[in-house]
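Working notes, beginning with the structure itself.
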Amino acid sequence: MFAFALLLAAAPAPLPQQEGETVTVRAPLPAAPQTPATLVAEPVAMMIATFDSNGDAMVDRAELEEGVRRSFEAIDTAKTGKLRYIAFSDWALRFLGDQHALPSPYEVDRDDDDAITLDELENHFSRLFARYDRDGDHLVSRAELLTYRTMPVDAQGPTAGRRPPGKKDGKDRDGKDRDGKPKDGGRRGPPPADRDDLTGRPR
0 MFAFALLLAA
10 APAPLPQQEG
20 ETVTVRAPLP
30 AAPQTPATLV
40 AEPVAMMIAT
50 FDSNGDAMVD
60 RAELEEGVRR
70 SFEAIDTAKT
80 GKLRYIAFSD
90 WALRFLGDQH
100 ALPSPYEVDR
110 DDDDAITLDE
120 LENHFSRLFA
130 RYDRDGDHLV
140 SRAELLTYRT
150 MPVDAQGPTA
160 GRRPPGKKDG
170 KDRDGKDRDG
180 KPKDGGRRGP
190 PPADRDDLTG
200 RPR
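Each residue of the sequence shown is one higher than the one before, counting from 0 in numbering that gives the first Met the number 0.
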């Protein structure tokens, strides 16, 4: 007990607060919205970039055809020469990163036989190659594989897809649509006697 009293006596006393001194407590700063990306790469563009076999950061048509063929054969393990739509979804998941990434099987399947052949896939990638080859030098660079995408931004971040204040599902606060018409289409009161009470269709 005596030792504890000695420890208390030896401990430094807290400094008295000077008169007129104020203590300011600062709150953490609000998080700034993330800057929206202005350069993006489509999944198929990232796949085309992987076809660069000689490491020159460019893809030519020979590398494109070889890369498409290898990807096709990696899924067509039974050597049928065709990818049904389910198999094409597996191809998209493996090489594009998502089953629903573009191109969709419907735009690749030119003859509408519910199957994708190697020729159809190569032809589609050939059209993509021509779209990306902006300078027409028969090579696709990394810069050409990038897509510029801009969107309006305010203090809360990108405004695309955000409803204006006071708007909901195309209606404003007084129940009218953007054209100033009543949200019920302009009809007032119960339906006419020759109309169904629920659907409004002729009886």
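Glycine included, every Cβ here is placed at the ideal spot set by N, Cα and C. As the structure is a computational prediction, the values presented were derived from the model and not from experiment.
### Query
With DSSP run on the structure shown, which of helix, strand or coil describes Leu-38?
Translated into the one-based positions of the sequence shown, residue 38 becomes position 39. Here Leu-38 carries a strand assignment [DSSP, helix/strand/coil].
#### Entry: Classification of Thr-116 by the beta-carbon crowding that lies within 10 angstroms, buried from 16 upward
Locating residue 116 in the sequence shown gives position 117, counting from the first residue. Buried is the call here.
### Straight-line Cα distance separating Trp-90 from Ala-61
Indexing the sequence shown from 1 puts residue 61 at position 62. Indexing the sequence shown from 1 puts residue 90 at position 91. Rounded to the nearest whole angstrom, the CA to CA distance from Ala-61 to Trp-90 is 21 Å.
### Buried versus exposed call for Ile-85 [16 or more other C-beta atoms within 10 Å across all chains shown]
As a working mapping, residue 85 is identified with position 86 in the sequence shown. The residue in question, Ile-85, is exposed, as its Cβ has fewer than 16 Cβ neighbours within 10 Å.
### Query
Does the distance from the CB of Phe-94 to the CB of Ser-70 come in under 9 Å?
Position 95 of the sequence shown, counted from the first residue, corresponds to residue 94. Position 71 of the sequence shown, counted from the first residue, corresponds to residue 70. Against a cut-off of 9 Å, the Cβ pair of Ser-70 and Phe-94 comes out as a contact.
### Message
Quick check on this structure: which residue in Arg-130, Leu-82, Arg-141, Asn-122 has the alpha carbon closest to the alpha carbon of Asp-113?
### Response
Stepping through the sequence shown from its first residue, residue 113 is reached at position 114. Minimum Cα-Cα distance from Asp-113 among the listed residues Arg-130, Leu-82, Arg-141, Asn-122 corresponds to Leu-82.
### Message
Taking the alpha-carbon of Tyr-147 as reference, which of Pro-104, Val-58, Arg-25, Val-39 has the nearest alpha-carbon?
### Response
Counting from one through the sequence shown, the residue named residue 147 turns up at place 148. When each option's Cα is compared against that of Tyr-147, the closest is Val-39.
### Task
Enumerate, from N- to C-terminal direction, the unbroken beta strand (DSSP E) stretches of 3 or more residues contained entirely within the region 46-133.
Counting whole runs of 3 or more residues, the region 46-133 contains the beta strand (DSSP E) stretches 57-59, 81-83, 114-116.
#### Entry: Own chain residues within Cβ distance below 8 Å of Glu-119, not counting five before or after
Counting from 1 along the sequence shown, the entry for residue 119 is found at position 120. Counting only Cβ-Cβ distances below 8 Å, and skipping sequence neighbours, we find Val-107, Asp-108, Arg-109, Asp-110.
### Query
What's the gap between the Cα of Leu-101 and the Cα of Pro-42?
For this step, residue 101 is matched to residue 102 along the sequence shown. For this step, residue 42 is matched to residue 43 along the sequence shown. One C-alpha to the other measures close to 7 Å.
### Beta-bridge partners of Leu-145, as assigned by DSSP
Walking along the sequence shown from the start, residue 145 turns up at place 146. In the DSSP output, where bridge partners are listed per residue, Leu-145 has Ala-40.
### Query
When every heavy atom of the ligand FMN is checked, does at least one fall within less than 8 Å of the C-beta of Met-46?
With respect to the ligand FMN, the structure offers nothing, as it holds no ligand at all.
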